[in-house]
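Everything below concerns the one structure shown next.
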Amino acid sequence: MPTKYNGVMATDSNDTSTPRLAERRPVDEHANLITHALGLVLSVPASALLMTLVVNNQQAINIAACGIYCCSLVGLYAASTLSHMFHDLAWRRFFRTLDQVCIYLLIAGSFTPLAVVFLWHRWWPALLAVMWILAILGVLLVLRVRDLTPTAKITYGILGWLPAISLKTLFDAAPFEIFVWTIAGGLFYSVGSVFVRFDQHVRYFHALWHTFVIAGSTSHYIAILLVVM
Numbered sequence: 001m002p003t004k005y006n007g008v009m010a011t012d013s014n015d016t017s018t019p020r021l022a023e024r025r026p027v028d029e030h031a032n033l034i035t036h037a038l039g040l041v042l043s044v045p046a047s048a049l050l051m052t053l054v055v056n057n058q059q060a061i062n063i064a065a066c067g068i069y070c071c072s073l074v075g076l077y078a079a080s081t082l083s084h085m086f087h088d089l090a091w092r093r094f095f096r097t098l099d100q101v102c103i104y105l106l107i108a109g110s111f112t113p114l115a116v117v118f119l120w121h122r123w124w125p126a127l128l129a130v131m132w133i134l135a136i137l138g139v140l141l142v143l144r145v146r147d148l149t150p151t152a153k154i155t156y157g158i159l160g161w162l163p164a165i166s167l168k169t170l171f172d173a174a175p176f177e178i179f180v181w182t183i184a185g186g187l188f189y190s191v192g193s194v195f196v197r198f199d200q201h202v203r204y205f206h207a208l209w210h211t212f213v214i215a216g217s218t219s220h221y222i223a224i225l226l227v228v229m
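Using our numbering, read the sequence shown as starting at 1 and increasing by one per residue.
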């Protein structure tokens, strides 16, 4: 059944019968908002720094790759922050849908600069193409099907670890510290997925998931920053 949230009937945007724990407890939703608002605040100057470096020192394809990555990074944190900011159910649903869209885009976007620099030979560009095709299909699925959360959690993991097939080549081509930060980012996201799996049942688990997202995206940002420096 729906429940009241600050005077507004609220249910999970992807489950019209069961309220999310975070929406039943405003304090949890405040934690969700604060964590990814912090990510948004950090991602904007971080993206500006990265783009400044890449514009000054890199080729056009690297500039485009980093631009795509930065847009997906800021877009993800903006959509997530807004999805936890609004109490109006319609707006929450809208921004949660946008949040799910941006997750697909960030997964592919985070891989793009690394692929362009270190995996731009033999058949490896095909892997980047497959990543983006799957990400776009995920976006279309989110936009078409509202009840996507269980499916999305699986597809995010599959898409996120698809680049693992290139790890040997990446290890051989990239400096060791870039490789380590890339792996660390994937591990942070994967560990965090445990918390989001049970966030409807355990208090603050969704905020913990947000914390791991920040750790994962920071790790990948450092890897990409090292690429352009």
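Note that beta-carbon positions come from the ideal geometry of N, C-alpha and C, so glycine has one too.
Top-ranked residue by Cα proximity to residue i, from the options
i, options, result
"TYR189", "ASP172, TRP209, LEU170, PRO175", "TRP209"
"ILE107", "ASN56, LYS153, TRP124", "LYS153"
"ALA215", "VAL202, ALA184, LEU162", "ALA184"
"PHE86", "SER43, LEU119, LEU38, LEU33", "LEU33"
"SER80", "ALA115, SER43, ILE61", "SER43"
"CYS71", "ILE133, SER193, CYS102", "CYS102"
Range of the contiguous alpha helix (DSSP H) that encloses residue i
i, result
"HIS206", "205-228"
"GLY133", "For the record, residue 133 in the displayed sequence is Ile; it is not Gly. Its alpha helix (DSSP H) spans residues 124-144."
"ILE61", "60-85"
"ASP99", "89-118"
"ALA243", "Because residue 243 is not part of the residues shown, which for the chain are 1 to 229, the question remains open."
Exposure label - residue i; buried when at least 16 CB within 10 Å
i, result
"PHE111", "buried"
"LEU140", "exposed"
"LEU21", "Confidence is the limiting factor: at LEU21 the pLDDT is only 41, short of 50, which leaves the residue's position unreliable, though a coordinate-based value still follows. Buried: at least 16 other Cβ atoms inside 10 Å."
"MET1", "The pLDDT assigned to MET1 is 39, lower than 50, so where the model puts this residue is not dependable, and the model offers no usable value."
"GLU23", "Residue confidence is low: GLU23 scores 49 on pLDDT, short of 50, so the model does not pin down where it sits. Its coordinate-derived value is still stated next. With 16 or more other Cβ atoms within 10 Å, it is buried."
"ALA90", "exposed"
Alpha-carbon to alpha-carbon, residue j and residue i
i, j, result
"ASN56", "PRO113", "16 Å"
"ALA64", "TYR221", "16 Å"
"ILE224", "SER217", "10 Å"
"TYR69", "GLY109", "4 Å"
"ASP99", "LEU76", "6 Å"
Whole-Å CB distance - residue i paired with residue j, under 8 Å assumed
i, j, result
"GLN58", "VAL228", "6 Å"
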